[in-house]
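Enquirer:
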Ligand SMILES: [Zn+2]
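Numbering (the UniProt record's numbering), first residue to last: 1 to 94.
1. Tell me the DSSP bridge mates of residue 95?
2. Could you work out which residue in 26, 64, 32 and 39 is closest to residue 72 when comparing CA atoms only?
3. Counting C-beta neighbours from all protein chains within 10 Å, is the total for residue 12 16 or more, i.e. buried, or is it exposed?
4. In chain order, what residues of the same chain have a beta carbon less than 8 Å from the beta carbon of residue 45, not counting five sequence neighbours either side?
5. Under the criterion of a Cβ to heavy atom distance below 8 Å, does residue 37 qualify as lining ligand 1?
6. In its own chain, which residues sit with a C-beta less than 8 Å from the C-beta of residue 50, not counting the 5 before and 5 after it?
7. From which residue to which residue does the alpha helix (DSSP H) around residue 33 run?
8. Taking the straight line between their C-alpha atoms, what separation do you get for residue 22 and residue 35?
9. Report the three-state DSSP secondary structure of residue 51 (helix, strand or coil).
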């Protein structure tokens, strides 16, 4: 999930230690701790996790994660819990 083979990735939010903890938990790798070189690939995020426009109203060249974004798309996620997640997201959007 964080090998250099992946194209495009996001460094851990080191300026926000609480988020680093959350990211580490959701990635669920036993006995693994992120380093400053660790990257979470963009495939673990979806469009709702990104800031779509900059403050000047133009589209940013590089997608920027929202300050609250947490990686949530993993291929080991059981189908049932993924469906639950989607349902919850839809609920939030309403
Ligand atoms: Zn990955």
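Every residue, glycine too, gets a C-beta built ideally from N, C-alpha and C.
Expert: So, from the listed chains and residues:
1. A query on residue 95 cannot be resolved here, the shown segment of the chain reaching from 1 to 94 and no further.
2. That would be 26, whose Cα lies nearest to the Cα of residue 72.
3. buried
4. 10, 65, 69, 71, 72 and 73
5. Not so, every heavy atom of ligand 1 lies at least 8 Å from the Cβ.
6. 63, 64, 65, 66 and 69
7. Per DSSP, residue 33 belongs to no alpha helix (DSSP H) and is neither H nor E.
8. 14 Å
9. In the structure shown, residue 51 adopts extended strand secondary structure according to DSSP, grouped into three states.
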